[in-house]
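Step one of this worksheet: look at the structure below.
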């Protein structure tokens, strides 16, 4: 066998091995992602909560004030407009939305007043200033609630640019997927 033929065969075997190794790594990566997804792991890419890996933890009781949750927004005109504006990510919730990660600041029966900030049952909510326009200069609708209706929650994020119940009002508790637990996150 000539030297160039032998070198050619070696190169072909190396390429085949490299392709097989890359394919195996790709399949392994897909299996790991699928197992993570099935185990409730999600990656947050929005700045309204720390960036990174989160876990959906099943609720053992009704959702309450102070809990940070994964919640699917309802499929309505407000949410469709939000997706069009880029406020919502694409995901597995009804309407094709990604779940939100927000903190519950009021539940059914509580009083919500929205002026230039949010007040719950007469208590000012920190970091709840109302912004009239988004970064693109588009008007934001603010929710001038009253009493949080049955089977809904009022959501908030401390992030200054967060799009939450200040702008879309209370949303149904039926969309709660579970508690949001940080696994490996980074807050810029």
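Numbering (our numbering), first residue to last: 5 to 192. No residue lacks a Cβ here, since even glycine has one placed at the ideal position from N, Cα and C.
Shown here, residue 88 sits in a helix according to DSSP, grouped into three states. In the displayed model, residue 115 falls within a strand according to three-state DSSP. Under DSSP, residue 45 forms a beta bridge with 59.
Secondary structure note for residue 101: it is in no alpha helix (DSSP H), with a DSSP letter that is neither H nor E. Judged by DSSP secondary structure, residue 74 falls within the beta strand (DSSP E) whose first and last residues are 72-75. Under the DSSP assignment, residue 163 falls outside any alpha helix (DSSP H); it carries neither an H nor an E label. If you look at residue 65, you'll find it isn't in any alpha helix (DSSP H); DSSP assigns it neither H nor E.
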